[in-house]
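Residue numbers (this note's numbering), protein chains in the order written: chain A, -3 to 75; chain B, 5 to 392; chain C, 892 to 1226.
Positions of the beta carbon are idealized from the N, C-alpha and C atoms, including for glycine.
A quick write-up on the structure given underneath.
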């Protein structure tokens, strides 16, 4: 699985290095492995100093909505 | 909820109510299971999530975990760890590696102990640092001992690319990158293996794509769910596995859809293919030799290959674990840590005899540390449903 | 650039000059300036005596440097015994070539930190060693404090009891996180600041309120995990902690996510842990609210008989695990 965590892109420089922020801690990561262009505001997964993927924000939001529905419906059943 | 905040990507997937709700749904669904589910979570990161968040305590008895090969450090056979130490002992050498490799003992000593004796051994956060260190130390030979599953391999490849572009003549690579599907195949193919479902690794899958598990699902007729690494992800994946089992499906599903696709990161895959190729054999600690399960530098890059350049210092004599070590059986779910004669009697986290004890993600290591806590009854999820 | 030279540790003219210009200038008090071989002190009743050596690297970090760390650390060890800090000694081991300005900055910070209490540095020593013999600068401080309370009321790791509440005085892990992130090879930027602080004013107020403090400890190396484990072992009790009650700041959490650490393994230098009867928790929290640096103070758990000798973490969804003593070096996880 390998430890890789979501971070927000806050800056990109000419050498294809992005500055990412993880809850107030920032680091420079290489974008050399990113298949698609990255823009400021994207959420990326970073692993040992590289960004390796973008998080699909819509998908994440849908998952969170689904979870909300799951516990809402269970609360309703017990209610 | 219209825009995603970074916090959501953490807290949203650790939400207690969601975890409890999913646990309840799993209990409800598992009632109808005819036979137990023995789920292997392949990667150490998932073992870590299960242990840290106590997810195994929330599941019905019909669902059991068999902890997988753990991590790239756990599976490193002793003779390869000895390679790292031998390289570090060479004069004028700086040996670089990632994290836990520093601590793991080989047949006689560890990199940490060797460092205390004066060798220049450094733990890097990123392999990119190897480039800087090589440039800053032109009079030294700098060797990067590369470890990792598919997640970490493209990063090594990217660094190799930069090393070539910078024409660095003093940076060498000792490649120990391994592949997950052949190892899983080796475990599942043993007829005694008890595993009947898989939680697929999160980030290996980001790189390689979920496609790599397809043949396993078909050949072994088992549900495989590629899961994120947060507790909600794992719980949802278990629910998906239960549902597959109930419907007698044997498919590869992606729970971690916010990050994993069928095809994976093609650019990263191409980066790997440019410099690395499969190695015909590689020994995995606890599992033995598995063909085509690891990578090596292509011949064209022999001049960077520490295994070629420093061949004279390196022995390939296999060094087996203690004969009483039953890690292989534990990995296949045929035995539990407590069944091992040396578990806690000669083998413990500070003196690991086998791969399952080596790092905090190994089954024996986790059992050793958590078994002392007699489990109190958790919030009675089952009881609630019965009285509804 | 003026640097410290070997001769300045030799005891001769150059040594005298360094001591006068720097140490006496900033630490000055009657006892120190007597310049004898030893300081003569009058102590009454029970005294607490402690020593600590400081070797932090880098020397300067966000929120402090080795100097104020060395002072706060020893003052805090005294405070953890309920002792009002009185007298400190201070020994410097300086690697030749250390810039004078760095040493001056360190010494000035020490003087400023001392002013938060009535304590004085009354004796000291200076050594200058060849390059490589120490890593830039090491400092040892020893301290004496006056214990006001009766001996059976002195806080102790032996005194935890079933029914006690466990409180932390602030959010955890900041010092360790800062030092980790300041390591060269990490290349991290953040607003993280060490929590390095003198805690005696808070402890004094807690004592004056008449609270029955059973145990007090600053969560330095090994962090919260080390303190709780030592207490559980020493008093042979179980400490049950509610994981979501442990205050952790965002940047510390971010660093932990990034590198695979736990905040409770990181050192603190101005944050302490306290065990006292449950009935006194509200009164204790009210004291913490009076001070700027203890606004995040919280009750995080209880002392029970569940599993004596162990620290057990409870998750909000009802599962639990053992909170272990950290082992070995803290190395970033890759997996």
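Do the CB positions of residue i and residue j come within less than 9 Å of each other?
| i | j | result |
| --- | --- | --- |
| residue 182 (chain B) | residue 217 (chain B) | no |
| residue 960 (chain C) | residue 976 (chain C) | no |
| residue 5 (chain A) | residue 14 (chain A) | yes |
| residue 373 (chain B) | residue 200 (chain B) | no |
| residue 1059 (chain C) | residue 963 (chain C) | no |
| residue 1194 (chain C) | residue 1166 (chain C) | yes |
| residue 30 (chain B) | residue 361 (chain B) | no |
| residue 138 (chain B) | residue 119 (chain B) | no |
| residue 1122 (chain C) | residue 1008 (chain C) | no |
| residue 954 (chain C) | residue 1069 (chain C) | yes |
| residue 229 (chain B) | residue 192 (chain B) | no |
| residue 247 (chain B) | residue 88 (chain B) | no |
| residue 1200 (chain C) | residue 1127 (chain C) | yes |
| residue 301 (chain B) | residue 164 (chain B) | yes |
| residue 363 (chain B) | residue 77 (chain B) | yes |
So residue i is in the beta strand (DSSP E); what residue range does that whole segment cover?
| i | result |
| --- | --- |
| residue 130 (chain B) | Element bounds for residue 130 (chain B): n/a, residue is neither H nor E. |
| residue 1129 (chain C) | 1129 to 1133 |
| residue 892 (chain C) | Run containing residue 892 (chain C): none; DSSP gives neither H nor E here. |
| residue 965 (chain C) | Where residue 965 (chain C) is concerned, there is no enclosing beta strand (DSSP E), although the alpha helix (DSSP H) it sits in stretches over 957 to 970. |
| residue 1195 (chain C) | 1189 to 1195 |
| residue 980 (chain C) | 974 to 986 |
| residue 79 (chain A) | This structure does not reach residue 79 (chain A), given that chain A is present from -3 up to 75, and the question cannot be answered. |
| residue 42 (chain B) | 41 to 47 |
| residue 1165 (chain C) | 1163 to 1168 |
| residue 1032 (chain C) | 1028 to 1038 |
| residue 55 (chain A) | Careful: residue 55 (chain A) lies outside any beta strand (DSSP E), inside the alpha helix (DSSP H) at 53 to 74. |
Between the Cα of residue i and those of the options, spot the shortest distance and give me the residue it belongs to.
| i | options | result |
| --- | --- | --- |
| residue 1229 (chain C) | C:1143, C:1103, C:1117 and C:1116 | With chain C represented from 892 up to 1226, any question about residue 1229 (chain C) goes unanswered, as that position is not in the structure. |
| residue 1016 (chain C) | C:935, C:915, C:1192 and C:1210 | C:915 |
| residue 56 (chain B) | B:324, B:322, B:233 and B:269 | B:233 |
| residue 306 (chain B) | B:298, B:281, B:68 and B:293 | B:281 |
| residue 35 (chain A) | A:57, A:46 and A:8 | A:8 |
| residue 35 (chain B) | B:12, B:8 and B:64 | B:64 |
| residue 274 (chain B) | B:158, B:283 and B:146 | B:158 |
| residue 1163 (chain C) | C:945, C:1081 and C:1115 | C:1115 |
| residue 1024 (chain C) | C:987, C:1000, C:1201 and C:942 | C:987 |
| residue 1077 (chain C) | B:132, B:298, B:8 and B:313 | B:132 |
| residue 98 (chain B) | B:222, B:120, B:112 and B:134 | B:134 |
| residue 323 (chain B) | B:343, B:103, B:290 and B:249 | B:290 |
| residue 52 (chain B) | B:244, B:309, B:351 and B:69 | B:69 |
| residue 3 (chain A) | A:11, A:18, A:10 and A:12 | A:18 |
| residue 284 (chain B) | B:162, B:145, B:296 and B:165 | B:296 |
| residue 1111 (chain C) | C:968, C:928, C:899 and C:904 | C:968 |
Would you mind telling me which residues of chain B sit closer than 7 Å to residue i, beta carbon to beta carbon, in chain order?
| i | result |
| --- | --- |
| residue 49 (chain A) | 210, 263 and 269 |
| residue 53 (chain A) | 8 |
Residue i versus chain A: which residues are under 7 Å apart at the beta carbon?
| i | result |
| --- | --- |
| residue 1145 (chain C) | 18, 19, 20 and 21 |
| residue 1078 (chain C) | 23 and 24 |
| residue 1055 (chain C) | The premise fails here: residue 1055 (chain C) is roughly 33 Å from chain A at the closest Cβ pair, so nothing lies under 7 Å. |
From what residue to what residue does the alpha helix (DSSP H) around residue i run?
| i | result |
| --- | --- |
| residue 222 (chain B) | 218 to 224 |
| residue 1001 (chain C) | 991 to 1005 |
| residue 254 (chain B) | Where residue 254 (chain B) is concerned, there is no enclosing alpha helix (DSSP H), given that its DSSP letter is neither H nor E. |
| residue 279 (chain B) | 270 to 279 |
| residue 1047 (chain C) | No alpha helix (DSSP H) contains residue 1047 (chain C), which DSSP labels as neither H nor E. |
Below 7 Å on C-beta distance, what does residue i contact in chain C?
| i | result |
| --- | --- |
| residue 58 (chain B) | 1206, 1210, 1211 and 1212 |
Using a Cβ cut-off of 9 Å, pull out every chain B residue sitting near residue i, in sequence order please.
| i | result |
| --- | --- |
| residue 14 (chain A) | In chain order: nothing, as chain B lies at least about 13 Å away. |
| residue 1121 (chain C) | Those do not exist, as residue 1121 (chain C) stays about 17 Å from chain B at its closest Cβ, beyond 9 Å. |
At 8 Å on the CB atoms, spell out the chain A contacts of residue i, in chain order.
| i | result |
| --- | --- |
| residue 1156 (chain C) | By Cβ distance, chain A contributes nothing, its closest Cβ being about 16 Å from residue 1156 (chain C), past 8 Å. |
| residue 101 (chain B) | Ordered by position in chain A, no residue passes the 8 Å Cβ test against residue 101 (chain B), which lies about 12 Å from the chain. |
Mind pulling the chain B residues with CB within less than 8 Å of residue i?
| i | result |
| --- | --- |
| residue 1215 (chain C) | 373 |
| residue 27 (chain A) | Here the premise fails: no neighbours, minimum Cβ distance about 10 Å. |
| residue 56 (chain A) | 8, 12, 13, 16 and 262 |
Should residue i be listed as close to the ligand MG, given that the test is whether its C-beta is under 8 Å from any heavy atom?
| i | result |
| --- | --- |
| residue 1156 (chain C) | Looking at this structure, you won't find the ligand MG or any other ligand, since it has none at all. |
Mind listing the chain A neighbours of residue i? Cutoff is C-beta to C-beta under 9 Å, in chain order.
| i | result |
| --- | --- |
| residue 207 (chain B) | -3, -2, -1, 0, 41, 43, 48 and 49 |
Chain C contacts made by the stretch 12 to 28 of chain B, where a contact means CB separation under 8 Å: 14, 20, 23, 24 and 27
Chain A contacts from the stretch 119 to 139 of chain B (Cβ-Cβ distance under 9 Å): 128, 129, 130, 131, 132 and 133
Residues from the stretch 157 to 173 of chain B in contact with chain A, defined by Cβ distance under 7 Å: 158, 159 and 162
Near-chain B residues of the stretch 1172 to 1189 of chain C - C-beta to any C-beta below 7 Å: none
Chain-ordered residues of the stretch 231 to 247 of chain B with a beta carbon less than 7 Å from chain A: 233 and 236
Short-range partners of chain A found in the stretch 1111 to 1142 of chain C, where Cβ spacing is below 7 Å: 1141 and 1142
Contact residues within the stretch 61 to 89 of chain B, judged by C-beta distance below 7 Å to chain C: 61, 62, 75 and 76
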